[in-house]
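Residue numbers (numbering that gives the first Met the number 0), protein chains in the order written: chain A, 0 to 233; chain B, 0 to 178; chain C, 0 to 220.
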Amino acid sequence: MIPDLDTRLAHNLDVVMAEISAPRRGRLERALLRVHVPESTARLVSATPTLRVAWFVSVALVLAFAASAGDASWTDASRFAVLLTLAPLAPVVGVALSYGPHADRTHEIAVAAPLSGLRLVLVRSITVLTASAALTTIGVLLAPSSGWLRVAWLLPSLATASATLALGSRFGIRAAAFGVATVWLTLVVLVAQIADDGAAPFGAGGQLAAFAVTCASAAALAMGRRRLERWDGR
Amino acid sequence: MMDPEADTLVRVDLELSDPAVVAAIAAGDRNALEILYARHARMLMVRLHRKCGDPDLIDTALQDTFIAVWRSASTYRDTNGEVPAWLWTIALRKLIDQLRRRPAPRPMARLPEPEPLPPPGTPAHDLLGGLPADLHDVVRAVYLDGLTTSEAAVLFGIPQGTVKSRLARARPLLRKDLR
Amino acid sequence: MTAPTVHLEGVSLRLGARFVLDIPSLTIGPGITVVHGANGSGKSTLLRLLATVTPPAQGRLTVSGRSIDDPSTQLTVRRILGYLPQGDTVPTRVRVFDHVDVVAVMRELAPTARERRAMVYRAIAGVGLADLAGERCGNLSGGQRRRVALAAALAGPSALLVLDEPDVSLDDAQLASLAAELTERSRTTTIVVATHHALWAADLHPRQMVHLYQGRIASTD
């Protein structure tokens, strides 16, 4: 009388049993769903151990150290420069720790799955960037600082994170993270030495350079899209 | 595979009454929910098909029904009526939720056949028996299944005013009948 | 998609001077193929090739006649594939249901969340872990964790199953029911199982046994 009734009954029972057995979605996932993030993306963000406790703790420690570095003779500005120098490294470390065969037990399963590798990497990187930004903001609020320097870490953080991804797709994410971190620290120290001012790397020129690096990296990622779909993080 | 508990289901099934199964569900027994499903899901599906022509909506409504049963089994009392009637009220509400969510004009692939009259001799049969056929559905939905007029309007895809006017037409007939 | 036929032609992989894998020709058709060999014989390397994780450095790997080098073929294979890698693939801080569900998301098993979660539940109940669906994987025993990984690989319909040592840490009853499930699915699926458990391999009644020794096929029967 009703076609496929038995099949549908069996399927509906599976759905019911799944819904009543599945653990409740976490707070983060429910918040993401409320702002209309696609369900599959919300799952990928919240049910993957992207944000490792070790990373959280180390980043928090680094920021705390930066906020309290130096002695009484330091000016607030140079004290703040240490924070600005270290903050853009947080997303680099996070991205390196969140993807790849050395970081993720499910990596091989992810590679052998049809979901685009690029999408997975971007989802995880954005998660890491958001968390880094949140931690840095806390650090900034705790540190004595002035004016626009409070947000001077934002563009450099985007630059280092996007450069890590763009280079990572060619040289492997770990090597890229190491390279980007080294270049960043070298540049900052050099510029600060030459100008004899700890805040100098974060001036208008530095921000412009960071913006340029971000744009170039995004362009490289966009152009290499086809290849990146098959990227396995190595 | 690997599920040694599967065959205990049948044994329990023979022993428990419907209210006892609902009580077991309220205590968090997933097997009990499977038993309740095995007993009543087919009938609910058939009845839902008489109210709606879209199998996808019906499947979702049926799923929502048993998910709701799992969450609210502890609210079941004998005063809610027999378990099948209680389930049917939940199922109708869930179907209406689905219909509300898709307010676009419902393409009825085939018009659902009307529900048959309740068995002769029951009070429900006596109540509906004396009514013209076009009043059956709304009277049943509002007076027997306990829906509001706006829920009934969604269910039948007619304006709420039409539901109310049909009820108004039915009321004097019912009164005469019950006398 | 119906059960595919996988063909390897002149495939070799080197690690330094040593051959990790050197297969002149091998055809794997629908039904169960058991890859048998000691540790380091190249079993996992072969299964990684079949699961599209590593591309063949040399030679050709075709699935139903189409080369795996072609990205669209690779994607097609990944859509029909259930893959259980060797070793521990289960994260510790994630709950059982959530882990299998995330793998199901990555495998793009179903168009709607409800359908996907129904498949996930079926698979978890299938390995006897329904009561532990809400437990963190880190709180489970080694055998239970392996069954979580198995559920992630077996969830949903697959025309190609590549299972690397699915028998590890299972007890006798679980081994028997896994054998039954694989035998059942073998009628519509191409299944490749790597194991060094010869007795259990015989229970699978494979249509083909491939014995690997130091990266080379010692014999097939």
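Where a beta carbon is used, it is the ideal one built from N, C-alpha and C, also for glycine.
Computed from a predicted model, the values in this text were never measured in an experiment.
Starting from residue i, trace the alpha helix (DSSP H) in both directions and tell me its first and last residue.
i, result
"residue 66 of chain B", "54-71"
"residue 157 of chain B", "Taken as a continuous stretch (DSSP letters only), residue 157 of chain B belongs to no alpha helix (DSSP H), as it is neither H nor E."
"residue 126 of chain C", "From DSSP, residue 126 of chain C is part of no alpha helix (DSSP H); its letter is neither H nor E."
"residue 48 of chain B", "29-48"
"residue 149 of chain A", "Note, residue 149 of chain A: premise wrong, no alpha helix (DSSP H); not H, not E."
"residue 204 of chain C", "Per DSSP, residue 204 of chain C belongs to no alpha helix (DSSP H) and is neither H nor E."
"residue 167 of chain C", "Note, residue 167 of chain C: premise wrong, no alpha helix (DSSP H); not H, not E."
"residue 141 of chain C", "141-153"
"residue 21 of chain B", "17-25"
"residue 95 of chain B", "82-100"
"residue 20 of chain A", "4-20"
"residue 77 of chain B", "Premise fails: residue 77 of chain B is in no alpha helix (DSSP H) and is neither H nor E."
"residue 133 of chain B", "132-138"
"residue 237 of chain A", "Lying outside 0 to 233, the shown extent of chain A, residue 237 of chain A is not represented and no answer is given."
"residue 40 of chain A", "38-45"
Which two residues bound the contiguous beta strand (DSSP E) that contains residue i?
i, result
"residue 23 of chain C", "17-27"
Based on the DSSP secondary-structure assignment, which residues constitute the bridge partners of residue i?
i, result
"residue 190 of chain C", "C:31, C:160"
"residue 210 of chain C", "C:35, C:218"
"residue 5 of chain C", "C:27, C:62"
"residue 10 of chain C", "C:22"
"residue 135 of chain C", "C:94"
Residues in the same chain with beta-carbon distance under 8 Å from residue i, minus the five sequence neighbours each way, listed in chain order, please.
i, result
"residue 133 of chain B", "165"
"residue 109 of chain B", "Any reading at residue 109 of chain B must be qualified, since the residue scores a pLDDT of 46, below 50, and its modelled position is unreliable; the value itself is stated next. The residues are 52."
"residue 79 of chain C", "0, 3, 157, 158, 159"
"residue 36 of chain B", "65"
"residue 13 of chain C", "19, 56"
"residue 211 of chain C", "34, 35, 36, 40, 41, 42, 45, 217"
"residue 91 of chain C", "135, 136, 137"
"residue 28 of chain A", "41, 42, 44, 45, 46"
"residue 177 of chain C", "149, 165, 166, 169"
With a threshold of 7 Å on Cβ separation, who are the neighbours of residue i within its own chain once the five nearest residues in sequence on each side are excluded?
i, result
"residue 175 of chain A", "163, 166, 167"
"residue 134 of chain A", "58, 59, 62, 89"
"residue 89 of chain C", "98, 136, 144, 147, 148"
"residue 88 of chain B", "144, 145"
"residue 123 of chain C", "95, 96, 99, 129, 132, 150"
"residue 158 of chain B", "152"
"residue 196 of chain C", "166"
"residue 140 of chain B", "146, 151, 154"
"residue 179 of chain A", "91, 159, 162, 163, 166"
Mind checking whether the beta-carbon of residue i lies closer than 7 Å to any heavy atom of the ligand ZN?
i, result
"residue 33 of chain A", "With respect to small molecules bound, the structure shown includes none, and the ligand ZN cannot be examined in it."
Could you pull out every residue in the same chain whose Cβ sits closer than 6 Å to the Cβ of residue i, ignoring the five residues on either side in sequence?
i, result
"residue 168 of chain C", "141, 142, 145"
"residue 106 of chain A", "100"
"residue 67 of chain C", "60, 73"
"residue 29 of chain C", "2, 189"
"residue 155 of chain C", "108, 118"
"residue 83 of chain A", "151, 152, 201"
"residue 95 of chain A", "172, 173, 176"
Practice prompt. Scan the region 121-133 of chain A for residues whose Cβ lies nearer than 7 Å to a Cβ of chain C and list them as they occur along the chain.
Written response: Residues passing the 7 Å Cβ filter: none.
Worksheet item: Taking only runs of the beta strand (DSSP E) that begin and end inside the region 42-84 of chain C, which ones reach a length of at least 3 residues, in chain order?
Response: 57-62, 80-83
Worksheet entry | Members of the region 38-66 of chain A that neighbour chain B once the beta carbon cut-off is set at 8 Å | none
Discussion item. Against chain A, which members of the region 114-142 of chain C pass a CB distance test of less than 9 Å?
Written reply: The residues in question are 114, 115, 116, 117, 118, 119, 120, 121, 123, 124, 129, 130, 132, 133, 134.
Discussion item. What are the residues in the region 36-64 of chain B lying within 8 Å of chain A by C-beta distance?
Written reply: Listed by position along the chain: 36, 40, 41, 44, 45, 48, 54, 58, 61, 62.
Discussion item. Give the list of continuous alpha helix (DSSP H) stretches no shorter than 4 residues that lie fully inside the region 188-227 of chain A.
Written reply: 203-222
Worksheet entry | Interfacial residues, the region 151-176 of chain B to chain A, with Cβ spacing under 7 Å | none
Discussion item. Please list, in chain order, the residues of the region 1-17 of chain A that have any C-beta partner in chain E closer than 9 Å.
Written reply: Absent from the structure is chain E; the protein chains it does hold are A, B and C.
Fill in: Short-range partners of chain A found in the region 82-96 of chain C, where Cβ spacing is below 9 Å
82, 83, 84, 85, 86, 87, 88, 89, 90, 91, 92, 93, 94, 95, 96
Discussion item. So within the region 51-130 of chain A, which uninterrupted beta strand (DSSP E) runs reach at least 3 residues, ignoring any that extend past its ends?
Written reply: none
Item to complete: Taking a Cβ distance cut-off of 8 Å, strictly less, list which residues of the region 104-118 of chain A are near chain C, in chain order.
Response: 104, 105, 107, 108, 109, 110, 111, 112, 113, 114
Practice prompt. Compile a chain-ordered list of the residues in the region 20-32 of chain A whose CB is closer than 8 Å to at least one CB of chain B.
Written response: 20
Worksheet entry | Where the region 30-51 of chain C meets chain A: residues whose CB sits under 7 Å from a CB there | 50, 51
Discussion item. Using a Cβ-Cβ cutoff of 8 Å, what residues of the region 48-79 of chain C are near chain A? List them in chain order.
Written reply: 50, 51, 52, 70, 73, 74, 77, 78
Worksheet item: Which residues, in order along the region 73-95 of chain B, keep a beta-carbon less than 8 Å from a beta-carbon of chain A?
Response: none
Item to complete: Scan the region 150-184 of chain C for residues whose Cβ lies nearer than 9 Å to a Cβ of chain A and list them as they occur along the chain.
Response: 151, 152, 161
Discussion item. Any C-beta of chain A within less than 8 Å: which residues of the region 11-29 of chain B qualify?
Written reply: 29
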